[in-house]
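Numbering (my numbering), first residue to last: 1100 to 1384.
Glycine included, C-beta positions come from ideal geometry on N, C-alpha and C.
Everything numeric in this text was worked out from a predicted model, so none of it was measured.
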Ligand SMILES: C[S@@+](CC[C@H](N)C(=O)[O-])C[C@H]1O[C@@H](n2cnc3c(N)ncnc32)[C@H](O)[C@@H]1O
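Following this line, the structure appears as structure tokens:
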């Protein structure tokens, strides 16, 4: 795997992160005989291979760089993209909220550039499976390349098609939906999920959240939660500790839900009401 976080020294084929002055950074694979060109000179891969991670390395002009293993967050932010992508700030919370872990079968649509697909594939491990649907072949190809760069492509089945037609899969442990009109596909998602399965969606506007909430109620999803993740970085100068000047103020709203099986038993009525699962005129919107 080109991204081997357990190694102590850079090896041939590994992805390396170089960080130079003013935080200028580069991620690339180490190839014997290869060279890497920066605005501050050229680095020979052969001089990097074999060095401990965390070392300082130099270009032919003497410009210094730290050499590190890229983190998953570094790789996702660095991803080649043709679409909006999912960012580490949201991905981290989604993975824990949906309990994505080794051996699980997880579904996703749309694949886009594959940022979320990569994070899901990493989390499910070699025994798990991610099935990801995308209707644009050019985006799917890019996602395939991005997965292959990290050696994660064998954990993922990429499917080409419009999800309006539904999914071939059933009993998925979790489903992540990231497209502009999620409310149109909640019935299809329900059919693909196992009973009790986890659902999550990200949408950028309030209006989309509202329409999605009605669709989730209509399709008998419960434990619905809406939230957003605000992440603020700090300048790390101990004597002048303060927030950085800029922040990403908004990516999207996260909507979580679980697929439940509503019963007919009279005794469950109050519980269903508490979870907004009793039909009212609004829930049909
Ligand atoms: C915002 S992008 C997804 C980004 C992705 N989560 C990532 O992290 O890179 C939305 C994707 O959904 C795809 N899409 C939109 N509607 C679709 C549909 N009905 N069926 C399949 N894919 C669809 C689009 O082509 C686009 O690639």
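Exercise. Name the one or two DSSP bridge partners that residue 1166 has.
Key: For residue 1166, DSSP records a beta bridge to 1117.
Self-check item: Inter-residue spacing [alpha-carbon to alpha-carbon] between residue 1411 and residue 1135
Solution: Nothing can be reported for residue 1411: it is not among the residues displayed for the chain, which extend from 1100 to 1384.
Quiz item: Can the beta-carbon of residue 1104 be found closer than 8 Å to that of residue 1168?
Solution: In this structure, residue 1168 lies closer than 8 Å to residue 1104 by Cβ.
Quiz item: At a cut of 8 Å, does the region 1292 to 1302 reach the region 1233 to 1245 through at least three beta carbon pairs?
Solution: The region 1292 to 1302 vs the region 1233 to 1245: no contact.
Quiz item: For the candidate residues 1248, 1138, 1284, whose alpha-carbon lies nearest to that of residue 1263?
Solution: Shortest Cα-Cα distance from residue 1263 to any of 1248, 1138, 1284 involves 1284.
Practice problem: Indicate whether the contact test is met: 3 or more Cβ pairs, each with one atom in the region 1139 to 1152 and one in the region 1104 to 1115, closer than 8 Å. | Solution: Contact between the region 1139 to 1152 and the region 1104 to 1115 is present, with at least three C-beta pairs closer than 8 Å.
Quiz prompt | the region 1252 to 1270 contacting the region 1218 to 1229, beta-carbon criterion three pairs below 8 Å | solution = Segments in contact, yes.
Quiz item: Using the beta carbon as the reference atom, which residues fall closer than 6 Å to any heavy atom of ligand 1, ordered along the chain?
Solution: Counting only residues whose CB is nearer than 6 Å to a non-hydrogen atom of ligand 1, the list in chain order is 1182, 1183, 1184, 1185, 1208, 1209, 1211, 1212, 1213, 1214, 1215, 1232, 1233, 1234, 1235, 1238, 1261, 1262, 1263, 1277, 1278.
Quiz prompt | Length-filtered (4 minimum) alpha helix (DSSP H) runs lying within the region 1158 to 1243 | solution = Taking only runs of at least 4 residues, the alpha helix (DSSP H) segments lying wholly in the region 1158 to 1243 are 1171 to 1176, 1187 to 1196, 1214 to 1223.
Quiz item: DSSP beta-bridge partners for residue 1341?
Solution: Looking at the DSSP assignment, residue 1341 forms a beta bridge with 1334.
Practice problem: Examine the Cβ distances between the region 1197 to 1215 and the region 1336 to 1349 and report whether three or more of them are shorter than 8 Å. | Solution: Below 8 Å, too few C-beta pairs join the region 1197 to 1215 and the region 1336 to 1349 to call them touching: fewer than three.
Quiz item: Mapping DSSP to helix, strand and coil, what is residue 1139?
Solution: In the structure shown, residue 1139 sits in coil (DSSP, three-state: anything other than H, G, I, E or B).
Self-check item: Where residue 1354 falls, given that 16 or more other Cβ within 10 Å makes a residue buried
Solution: Here residue 1354 is buried, its C-beta having at least 16 other C-beta atoms within 10 Å.
Quiz prompt | Beta-carbon contacts of residue 1127 that lie in its chain and below 6 Å, excluding the five residues immediately before and after | solution = 1135.
Quiz item: Buried or exposed: which applies to residue 1364, given that a residue is buried once 16 or more other Cβ atoms fall within 10 Å of its Cβ?
Solution: By the neighbour-count rule (16 or more Cβ atoms within 10 Å), residue 1364 is not buried but exposed.
Quiz item: In the structure shown, what three-state DSSP assignment does residue 1300 receive?
Solution: The three-state reading of DSSP puts residue 1300 in strand, counting E and B together.
Quiz item: Which residues share a DSSP beta bridge with residue 1357?
Solution: Partner(s): 1297, 1321.
Exercise. Would you list, in sequence order, the uninterrupted beta strand (DSSP E) runs of no fewer than 3 residues that lie entirely inside the region 1248 to 1272?
Key: Taken in chain order, the complete beta strand (DSSP E) segments of 3 or more residues contained in the region 1248 to 1272 are 1255 to 1259.
Quiz item: Taking the C-alpha atoms as reference points, what is the distance between residue 1266 and residue 1233?
Solution: Take the alpha-carbon of residue 1266 and the one of residue 1233: they are about 12 Å apart.
Quiz item: Considering residue 1124, what are the terminal residues of the alpha helix (DSSP H) in which it resides?
Solution: Taken as a continuous stretch (DSSP letters only), residue 1124 belongs to no alpha helix (DSSP H), being part of the beta strand (DSSP E) at 1124 to 1128.
Quiz item: Does the beta-carbon of residue 1278 have 16 or more other beta-carbons within 10 angstroms, so that it is buried, or is it exposed?
Solution: So residue 1278 counts as buried.
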